[in-house]
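Asker: Per the working numbering, residue 496 is the first one in the sequence shown, and the count goes up by one each step.
All residues carry an ideal CB built from backbone N, CA and C; glycine is no exception.
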Amino acid sequence: MGQDKKVAIVTGSARGIGKSIAAKLADNGISLVITDVMIDQAEETAKELAGKGVDTLAVKADVSNFKEVEDLFRKTVDKFGAVDYLINNAGITRDNLAIRMTESDWDLVLDINLKGSFLCAQQAAKIMMKKRSGSIVNISSVSGLLGTAGQANYASSKAGVIALTKTLARELGGRGITVNAITPGFIITEMTEKLPDDVKEGYLKQIPLKRGGTPEDIAEAVNFLISPAASYITGTVINVSGGLVI
496 MGQDKKVAIV TGSARGIGKS IAAKLADNGI SLVITDVMID QAEETAKELA GKGVDTLAVK
556 ADVSNFKEVE DLFRKTVDKF GAVDYLINNA GITRDNLAIR MTESDWDLVL DINLKGSFLC
616 AQQAAKIMMK KRSGSIVNIS SVSGLLGTAG QANYASSKAG VIALTKTLAR ELGGRGITVN
676 AITPGFIITE MTEKLPDDVK EGYLKQIPLK RGGTPEDIAE AVNFLISPAA SYITGTVINV
736 SGGLVI
């Protein structure tokens with residue numbers, strides 16, 4: 496394929512926020528690698544987005560597994576020849592009060608949310624450094640800024656993603672690579688729709704804009720951060736929370 500074509504890997508993009516991010520990038524003609532542990536849904540999403548006229552590839556990958564991440568990037572380069580953008584979106588929750596949280600739930604959330612972001616960024620950086628260009632966007636959370644009761648593992652992992660973002664921005668800036676993070680607030684997804692009504696109302700009362708965000712709100716922020724308009728922005732955390740964090 497021609498070198499003028501840009502290529503993005505979006506982790507955890509079979510559905511939800513990741514899928515919305517991928518769809519927005521597809522609207523801009525960016526070739527896409529849809530990667531998720533749910534390969535059937537990833538393939539469906541890749542096929543759907545190919546309908547927008549872009550090249551797509553679906554790859555099953557556990558981002559916490561070094562070998563699978565290495566294979567993901569190898570398959571991407573084999574098909575597209577490059578990686579221009581990495582969106583680290585894959586993440587999970589295993590909520591519980593800290594005194595009741597199991598070691599396995601702590602480890603699993605940190606492995607996928609934080610280690611996974613690191614492993615993918617590490618592979619992306621090796622490719623981008625040779626080109627002396629590229630953009631990495633890490634999806635963190637307001638929980639990583641505020642802390643959230645019942646989410647010691649999740650909040651810690653997302654705070655770690657912010658620190659990782661700032662560190663990589665310092666390490667990779669000299670090679671023309673930008674690294675930024677987004678901290679979504681209360682976003683309306685399949686996961687949050689399942690919350691009890693009183694919990695959802697509690698969140699909404701704290702949001703100055705008085706509404707939940709949409710996956711498209713996050714996609715727009717990602718689209719900005721990888722665009723030429725953000726070429727002088729790196730190491731920054733963009734808060735997309737309707738004012739939940741000010």
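So is aspartate 573 buried or exposed if we call it buried at 16+ other beta carbons inside 10 Å?
Answerer: Per the 10 Å Cβ criterion, exposed.
Asker: What are the residues that DSSP puts in a beta bridge with leucine 527?
Answerer: DSSP, once it has assigned bridges, lists Ala503 and Thr551 as partnering leucine 527.
Asker: Just reading off the beta strand (DSSP E) that threonine 678 is part of, what are its end residues?
Answerer: It spans 672-679 - the beta strand (DSSP E) in which threonine 678 sits, taken as one unbroken run.
Asker: Between Leu739, Asn584 and Ser508, which has its C-alpha nearest lysine 610's C-alpha?
Answerer: Here the closest residue by C-alpha is Asn584.
Asker: Return the residue from the list Ala658, Ser635, Ala725 and Glu711 that minimises the CA-CA distance to asparagine 608.
Answerer: When only C-alpha atoms are compared, the closest one is Ser635.
Asker: Report the residue from Pro710, Lys625, Trp601 and Gln618 whose alpha carbon sits nearest the alpha carbon of threonine 684.
Answerer: Comparing Cα positions, the closest option is Pro710.
Asker: What does DSSP give as the partner residues of tyrosine 580 in its beta bridges?
Answerer: Answer is Ala503 and Ser630.
Asker: Taking the alpha-carbon of isoleucine 721 as reference, which of Leu690, Ile741, Lys570 and Ile672 has the nearest alpha-carbon?
Answerer: Minimum Cα distance to isoleucine 721 is reached at Ile672.
Asker: Cutting at 7 Å between CB atoms, please list the residues of its own chain near phenylalanine 719, excluding the five before and the five after it.
Answerer: Result list for phenylalanine 719: Ala725, in chain order.
Asker: Excluding the five sequence neighbours on either side, which residues of its own chain have a C-beta within less than 6 Å of the C-beta of glutamine 498, listed in chain order?
Answerer: Interpretation of glutamine 498 is limited by its pLDDT of 49, a score under 50 that renders its predicted location unreliable; the figure taken from the coordinates is listed afterwards. Same-chain partners within the cutoff: there are none.
Asker: Apart from the five residues on each side of it in sequence, which residues of its chain come closer than 8 Å, Cβ to Cβ, to methionine 496?
Answerer: Note that methionine 496 has pLDDT 40, beneath the 50 cutoff, so the model's placement of it is unreliable and the number below is only indicative. Hits under 8 Å: Ser526, Asp550, Phe575 and Gly576.
Asker: Determine the burial state of methionine 623: buried for a count of at least 16 other Cβ atoms within 10 Å of its Cβ, exposed for fewer.
Answerer: The residue in question, methionine 623, is buried, as its Cβ has 16 or more Cβ neighbours within 10 Å.
Asker: Among Ala503, Val637, Ser651 and Thr731, which one has its Cα closest to the Cα of glycine 738?
Answerer: Ranking Ala503, Val637, Ser651 and Thr731 by Cα distance to glycine 738 puts Val637 first.
Asker: Can you give the Cα-Cα distance for glycine 586 and threonine 731, rounded to whole angstroms?
Answerer: About 20 Å.
Asker: So the candidates are Leu603, Ala716, Thr506 and Ala664; which of them puts its Cα closest to the Cα of threonine 571?
Answerer: Selected option, being the one with the closest Cα: Thr506.
Asker: Please classify leucine 663: is it buried, with 16 or more other beta-carbons within 10 angstroms of its beta-carbon, or exposed?
Answerer: Leucine 663 comes out buried.
Asker: Which residues mark the beginning and the end of the beta strand (DSSP E) in which asparagine 734 is found?
Answerer: Here the beta strand (DSSP E) through asparagine 734 covers 732-735.
Asker: Can you give me the start and stop residues for the alpha helix (DSSP H) that serine 515 sits inside?
Answerer: From DSSP, the alpha helix (DSSP H) with serine 515 extends over 511-522.
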